[in-house]
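**Q** Once you've had a glance at the structure underneath, I'll fire off some questions.
There are 2 protein chains.
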Amino acid sequence: MNLGSQQTFRALADPTRRQILMFLKKDSMTLGEIAGHFDMTRAAVKKHLVMLEEGLLITSRAEGRERIHELQPAGLKSAIEWLGYFDQFWDERLASFKTAIESETGEQE
Amino acid sequence: MNLGSQQTFRALADPTRRQILMFLKKDSMTLGEIAGHFDMTRAAVKKHLVMLEEGLLITSRAEGRERIHELQPAGLKSAIEWLGYFDQFWDERLASFKTAIESETGEQE
DNA sequence: TAAATACGATACTTTTTGGTATCATTTTGA
DNA sequence: TCAAAATGATACCAAAAAGTATCGTATTTA
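Read top to bottom, the protein sequences are chains A and B. Here the numbering used here is used: position 39 in the first sequence is 39, and no number is missing along the way. Here the numbering used here is used: position 83 in the second sequence is 83, and no number is missing along the way.
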């Protein structure tokens, strides 16, 4: 039974991490820039970034003494694909989404 | 900033709960039936069911001394809508999903 | 009607998670 | 070159989550 990626769903469960994803949707950012938006230590933000990377929701690359973080589609895609398996419980307009997923994944069940 | 429903994302973060959703996709079930599929006490399964209800992922109704649990689309829909805001980071075929979401929600940003 | 069945609720324990504090390492620039 | 800046890593703490044990209540049914 396919349960989706545990690390991805775990990463999405925290509101701070979802907010980080919203920031990175606009622009890639360094750890310091991200931490500047939150009332917590950089070490705490760093841990969230590690979890987001483990969930394949972001990637990061070193650039000098900074590290640039940016969104990665893989985790978002796998989460939305798993949720797509329940399309029969949505209304008809949302169900058209399943068609897009199936043409993407090759209709494997 | 719209972060989606915390209770829904929290409910989706546990593999036992995602497995319960898979079971309920096939058929509605009583607490006893669901617990029969897991190696844990009924009390533990009951707690998971409460979290799934709080996340608007299932509903339940009493039927005699039993309680029937079944999938509810609301939570699934809100989760997938939130993930839909990131469509620009997917490839083109998956992006057609966003059209479905927008026609559903009325294009509010 | 009385035992068995199914669920509800509460107290308790253990593990995981989210956070701080602290120190080390790397890179930059005056 | 050496101090400042940015990140990395580790130990520790508190709160939440996941689970068990136990008891209570409602509903069947023999």
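The beta-carbon is built from N, C-alpha and C at its ideal position, and this holds for glycine as well.
Rounded to a whole number of angstroms, what is the C-alpha to C-alpha distance between residue 54/B and residue 66/A?
**A** Each residue's Cα considered, the two are about 41 Å apart.
**Q** In chain A, which residues lie with their C-beta within 8 Å of the C-beta of residue 18/B?
**A** Chain A residues near residue 18/B: 3, 4, 9 and 82.
**Q** Residues of chain A with CB under 8 Å from residue 71/B, in chain order?
**A** Chain A residues near residue 71/B: 86 and 89.
**Q** First and last residue of the alpha helix (DSSP H) that includes residue 42/B?
**A** Residue 42/B -> alpha helix (DSSP H) spans 42-54.
**Q** Spell out whether any CB of chain A is found under 8 Å from the CB atom of residue 26/B.
**A** Output row for residue 26/B: interface = no.
**Q** When the Cα of residue 76/A is compared with those of 79/B, 74/B and 75/B, which residue comes out closest?
**A** Comparing Cα positions, the closest option is 79/B.
**Q** Nearest to residue 5/A by CA position, among 23/B, 18/B and 5/B, is which residue?
**A** Residue 5/A has its Cα closest to that of 18/B, out of 23/B, 18/B and 5/B.
**Q** Counting only Cβ pairs nearer than 9 Å, list the residues of chain B close to residue 52/A.
**A** The contacting residues do not exist; residue 52/A stays about 13 Å from chain B at best.
**Q** Against chain B, does residue 40/A count as a neighbour if the rule is that its beta carbon must be under 8 Å from one of theirs?
**A** Taking Cβ atoms only, chain B never reaches closer than 8 Å to residue 40/A, which makes this a no.
**Q** For residue 61/A, which three-state DSSP category applies?
**A** Residue state, collapsed to three classes: strand.
**Q** From the DSSP output, which residues share a beta bridge with residue 70/B?
**A** Answer is 59/B.
**Q** Can you confirm whether residue 22/B, when its beta carbon is compared against all beta carbons of chain A, has any partner nearer than 8 Å?
**A** It does; some Cβ of chain A falls within 8 Å.
**Q** Using a threshold of 8 Å, state whether the C-beta atoms of residue 69/A and residue 40/A are closer than that.
**A** Against a cut-off of 8 Å, the Cβ pair of residue 40/A and residue 69/A comes out as no contact.
**Q** Is residue 1/B helix, strand or coil when you go by DSSP?
**A** The answer is coil: DSSP assigns residue 1/B none of H, G, I, E or B.
**Q** Less than 8 Å between the beta carbons of residue 56/A and residue 8/A, yes or no?
**A** The answer is yes: Cβ separation under 8 Å.
**Q** Closest to residue 38/A by CA distance: which of 72/A, 15/A and 25/A is it?
**A** Closest by alpha carbon: 15/A.
**Q** Does the beta-carbon of residue 45/A have 16 or more other beta-carbons within 10 angstroms, so that it is buried, or is it exposed?
**A** Answer is buried; the Cβ neighbour count reaches 16.
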